[in-house]
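A quick write-up on the structure given underneath.
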Amino acid sequence: MSSSGHGAVDARTGYCAATKSFLSLRGPLPLPPADVPLTFPAFALSLLPSPLPAHPALLDAATGETVSYPAFLSQVRALVGALRSRALLLGRGDVAFVLAPARLDVPVLYFALLAVGAVVAPANPALTAGEVSRLVSLSGASVAFAVSATAAKLPAGLPTILLDSPHFRSLLHSDHGKNESTPLDTGAVCQSATATILYSSGTTGRVKAAAVPHRSFIARAAGLRALHLKVKSRKADERTLIGAPMFHTMGFFFTLNGLAQGSTTVVMTEAAARAGLRGMLEAARRWEVTEIMAAPPVVLGMTKDGCRLSSLARMICGGAPLPGSVAEQFPRRFPHVDLCMGYGSTEAGGISLMIDREECSRIGSSGRIFHNVVAKIVDIVTGEPLSVGKKGSCG
Numbered sequence: 001m002s003s004s005g006h007g008a009v010d011a012r013t014g015y016c017a018a019t020k021s022f023l024s025l026r027g028p029l030p031l032p033p034a035d036v037p038l039t040f041p042a043f044a045l046s047l048l049p050s051p052l053p054a055h056p057a058l059l060d061a062a063t064g065e066t067v068s069y070p071a072f073l074s075q076v077r078a079l080v081g082a083l084r085s086r087a088l089l090l091g092r093g094d095v096a097f098v099l100a101p102a103r104l105d106v107p108v109l110y111f112a113l114l115a116v117g118a119v120v121a122p123a124n125p126a127l128t129a130g131e132v133s134r135l136v137s138l139s140g141a142s143v144a145f146a147v148s149a150t151a152a153k154l155p156a157g158l159p160t161i162l163l164d165s166p167h168f169r170s171l172l173h174s175d176h177g178k179n180e181s182t183p184l185d186t187g188a189v190c191q192s193a194t195a196t197i198l199y200s201s202g203t204t205g206r207v208k209a210a211a212v213p214h215r216s217f218i219a220r221a222a223g224l225r226a227l228h229l230k231v232k233s234r235k236a237d238e239r240t241l242i243g244a245p246m247f248h249t250m251g252f253f254f255t256l257n258g259l260a261q262g263s264t265t266v267v268m269t270e271a272a273a274r275a276g277l278r279g280m281l282e283a284a285r286r287w288e289v290t291e292i293m294a295a296p297p298v299v300l301g302m303t304k305d306g307c308r309l310s311s312l313a314r315m316i317c318g319g320a321p322l323p324g325s326v327a328e329q330f331p332r333r334f335p336h337v338d339l340c341m342g343y344g345s346t347e348a349g350g351i352s353l354m355i356d357r358e359e360c361s362r363i364g365s366s367g368r369i370f371h372n373v374v375a376k377i378v379d380i381v382t383g384e385p386l387s388v389g390k391k392g393s394c395g
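Following this line, the structure appears as structure tokens:
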């Protein structure tokens with residue numbers, strides 16, 4: 001047993017009998033003081049090396065178009081300036097509804113909105129106008145960012161900026177490098193402030209809106225940074241293909257995280273996404289992707305496909321349980337790839353993740369609890385906290 005601020009903790013399981021909760025066995029990780037104003041983009045920028053990485057920040061899976069790290073930050077700064085100007089005048093607490101497919105400028109938009117303290121509310125562009133109207137109402141959005149193909153779904157009267165318009169493109173290049181040394185934020189946004197409103201139906205009922213603070217993204221990015229430093233197989237020029245939609249909690253976070261970690265994020269833009277699994281695997285092969293983030297159906301498809309992915313080192317899977325039979329087939333099909341299962345939720349973010357070959361060999365597990373995460377397992381019928389090896393009731 002070891003002790004912490006929570007009481008005696010079992011060194012094997014992380015269970016604390018005093019609080020009836022599980023603590024991370026990965027150890028505590030220093031984070032910025034919680035009372036220091038800080039946005040996620042400013043924290044992400046502090047993680048990047050100087051000089052900036054020479055490899056691309058973003059890569060279009062369909063066309064091969066890239067955005068370098070200097071260009072990405074230049075576009076973010078230019079858009080931040082526009083958001084603070086009379087042209088858009090969007091700032092702290094304002095909710096921006098985003099209804100667009102995956103594009104190279106969407107991560108730029110996310111970073112800029114978060115940097116000025118606006119709240120990002122991304123939604124599935126395939127929703128109907130009625131569904132979109134309800135989500136706009138749930139979030140209290142005062143402005144929307146869309147594309148020509150989705151704008152008609154937005155409620156009448158909601159101010160809308162089209163990402164595929166010359167006007168928006170001009171905003172990304174409006175400062176001509178003049179604000180290169182300007183801080184991304186003004187130190188006025190608290191870490192506890194809402195960064196994004198993500199939509200989730202959970203397991204029952206209608207879609208719900210979950211507010212997630214900047215502090216959550218900062219803690220997760222810091223935790224993954226620490227884990228990456230421990231994995232010797234990681235390269236300096238990692239290429240991560242985001243197989244989850246950018247409006248989904250998994251795709252949203254890992255898009256932001258890839259930029260914070262200084263890797264290349266391969267974006268499944270519309271042209272690539274239309275080809276389904278085949279398009280994703282072809283993109284992974286073509287661009288020599290080292291890591292894929294995707295849901296269980298992709299993992300299942302990979303076990304049945306004859307693709308050869310010699311550069312792939314890790315498959316990060318989450319969003320739903322992976323059948324045990326698929327988890328057993330995958331390493332036989334891809335013996336050189338670590339299948340890293342993770343567990344999380346829209347409301348709480350990442351809770352656990354596998355990080356190395358030993359952890360990934362444990363079929364049925366979803367990894368160890370992240371740094372600085374405390375988890376409690378509660379019986380849904382009795383409401384009682386459960387300890388090690390206990391099963392809940394069937395409700």
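Residue numbering for the sequence shown is 1 to 395, as defined by UniProt numbering.
The beta carbon of each residue, even a glycine, is placed where N, CA and C say it ideally should be.
- Inter-residue distance for VAL374 and GLU328 is about 29 Å (C-alpha atoms, whole angstroms).
- When DSSP reads this structure, PHE370 sits in no beta bridge, so it has no partner.
- A residue is called buried when at least 16 other Cβ atoms come within 10 angstroms of its Cβ; VAL381 does not meet this threshold and is exposed.
- Nearest neighbour of LEU38 by Cα position, chosen from VAL289, VAL337, LEU184, ALA226, turns out to be LEU184.
- Three or more beta-carbon pairs separated by less than 8 Å link the stretch 48–55 to the stretch 257–272, which places the two stretches in contact.
- Distance from the CA of ALA44 to the CA of LEU229, rounded to the nearest whole angstrom, comes to 16 Å.
- According to DSSP, residue pairing for VAL212 in a beta bridge involves THR196.
- Fewer than three Cβ pairs drawn from the stretch 190–208 and the stretch 325–341 lie within less than 8 Å of each other, which leaves the two stretches out of contact.
- According to the DSSP assignment, LEU90 belongs to no alpha helix (DSSP H), since it is labelled neither H nor E.
- The C-beta of VAL106 has 16 or more other C-beta atoms within 10 Å across all chains shown, which makes the residue buried.
- Counting along the chain, the unbroken beta strand (DSSP E) around ALA144 starts and ends at 143–146.
- Straight across, the Cα-Cα distance linking GLU65 with HIS248 is about 24 Å.
- Using a 10 angstroms sphere on the CB of HIS214, the tally of other CB atoms reaches 16 or more, which defines it as buried.
- Sequence-distant partners of PHE111 (beyond 5 residues in either direction) whose C-beta falls short of 6 Å from its own C-beta, in its chain, are PRO41, VAL76.
- Between the stretch 116–128 and the stretch 92–107 there are three or more inter-stretch CB-CB distances shorter than 8 Å, so the stretches are counted as touching.
- GLU291 has THR240, ARG314 as its beta-bridge partners, per DSSP.
- Annotation: VAL289 to PRO297 spans about 19 Å, alpha carbon to alpha carbon.
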